[in-house]
Amino acid sequence: SASLLPAPEQLVIDHTAEFIREKFLHEGSGHDWEHIRRVWQVARALAAQTPSADALVTELAALLHDVADWKFHDGDEEAGPRAARRWLESQHVAEPVIQRVEAVIREISFKGLGVATPMSTVEGELVQDADRLDAIGAIGVARAFAYGGHKGRPLHDPTVPPVVHESFESYKRNVAPTINHFYEKLLHLRERLNTPAARRVAEERHAFMEQFLTQFLREWDSQDVAQS
Ligand code: ADP
Ligand code: NI
Numbered sequence: 002s003a004s005l006l007p008a009p010e011q012l013v014i015d016h017t018a019e020f021i022r023e024k025f026l027h028e029g030s031g032h033d034w035e036h037i038r039r040v041w042q043v044a045r046a047l048a049a050q051t052p053s054a055d056a057l058v059t060e061l062a063a064l065l066h067d068v069a070d071w072k073f074h075d076g077d078e079e080a081g082p083r084a085a086r087r088w089l090e091s092q093h094v095a096e097p098v099i100q101r102v103e104a105v106i107r108e109i110s111f112k113g114l115g116v117a118t119p120m121s122t123v124e125g126e127l128v129q130d131a132d133r134l135d136a137i138g139a140i141g142v143a144r145a146f147a148y149g150g151h152k153g154r155p156l157h158d159p160t161v162p163p164v165v166h167e168s169f170e171s172y173k174r175n176v177a178p179t180i181n182h183f184y185e186k187l188l189h190l191r192e193r194l195n196t197p198a199a200r201r202v203a204e205e206r207h208a209f210m211e212q213f214l215t216q217f218l219r220e221w222d223s224q225d226v227a228q229s
């Protein structure tokens, strides 16, 4: 789609997209380039409906939001903001823009059901919604199992109950089966979206996840076989 950004800003976005695309092209844990491309696309669409959002900050934050995720950097929450700053400084991006992108990356992650994660910028609200929409629905199901497989987790274990994590430290230590992740996070994202537009999109995706879980648990005990 045609961009309304001035040429130098568009150039920084294009360079950033190419940098991230190359870095994440062969990633296999559900944090691949296609995830980032979708978050970028959805965040841009949300920004187009939000006059107060800065397009440059929104697009750069969407592109860089997973640049050095704590999940793959020993739980280091500052790895992402640090890597984003290093890249944006290399592109001579203005300091106030860098600071806002850093804030989005610092605040965006889910940190446990019992942990509030307010966003301090409108751009952060949009990128967080875009990121969360990509964690639910059919894509969300696929990404959860891709992540669980990457970590060697079982699909499901009915003897392990879901946990409400009250601190980020507790959430980070979590090694539960992948089905638990739906009850510990994914089924709650619909209620935690920032924008009405994202909430509308979430309805169908949420319903699909519920349907998936009902069917999964039915097949788990071969209930459908017993009834046939
Ligand atoms: P967030 O910023 O909220 O942590 P990301 O964009 O980094 O989300 O993506 C995390 C992806 O990995 C999501 O699709 C999420 O469902 C998946 N994921 C994270 N933790 C787990 C887990 N313990 N089990 C299964 N999937 C997970
Ligand atoms: Ni993400």
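Start counting the sequence shown at 2; every next residue gets the next number (UniProt numbering). We put the beta carbon where it would ideally sit given N, CA and C, even for glycine.
The C-beta separation of H66 from V98 comes to about 15 Å, leaving the pair out of contact by the 8 Å criterion.
Taken atom to atom, the span from the alpha-carbon of G76 to that of K173 is near 7 Å. The beta-carbon distance between G141 and D135, rounded to whole angstroms, is 7 Å. This is short enough to meet the 8 Å contact definition. Proximity of the beta carbon of H66 to ligand 2 is indicated: a heavy atom of the ligand is located closer than 7 Å.
Under the DSSP assignment, S91 falls in the alpha helix (DSSP H) whose first and last residues are 80-91. Secondary structure of H189 (DSSP, three-state): helix. In this structure, D77 has its beta carbon at no less than 7 Å from each heavy atom of ligand 2. V202 sits away from E124, with the two beta carbons spaced by 8 Å or more. Taking C-alpha positions only, P7 is separated from A56 by approximately 11 Å. Note that the C-beta distance between L156 and V102 is not below 8 Å. Between ligand 1 and the CB of G149, the shortest heavy atom gap is smaller than 7 Å.
By the neighbour-count criterion, in which 16 or more other beta carbons inside 10 Å mark a residue as buried, Q129 falls on the buried side. Residue environment analysis places G113 among the buried positions, since at least 16 neighbouring C-beta atoms fall within 10 angstroms of its C-beta. Look at H157 here: in three-state DSSP terms it is coil, with no helix or strand label. Going by C-alpha positions, D158 is about 18 Å away from L187.
Going by DSSP, G150 is part of the alpha helix (DSSP H) stretching over 138-151. About 6 Å separates the beta carbon of L127 from that of A54, a gap short enough to meet the 8 Å contact definition. Cβ neighbours of M210 within its own chain (closer than 7 Å, five residues either side excluded): I137, G138, G141, V142, F183, L187, L188.
V164 and E185 have their C-alpha atoms some 6 Å from each other. Taking 8 Å as the upper bound for CB-CB distance, I37 and F25 are in contact here, some 6 Å apart.
Annotation for V43 indicates a beta carbon at 7 Å or more from all heavy atoms of ligand 2.
Taking the Cβ atoms as the reference, T122 lies roughly 18 Å from F111, outside the contact range of under 8 Å.
Taking 7 Å as the cut-off, the C-beta of D132 counts as close to a heavy atom of ligand 2.
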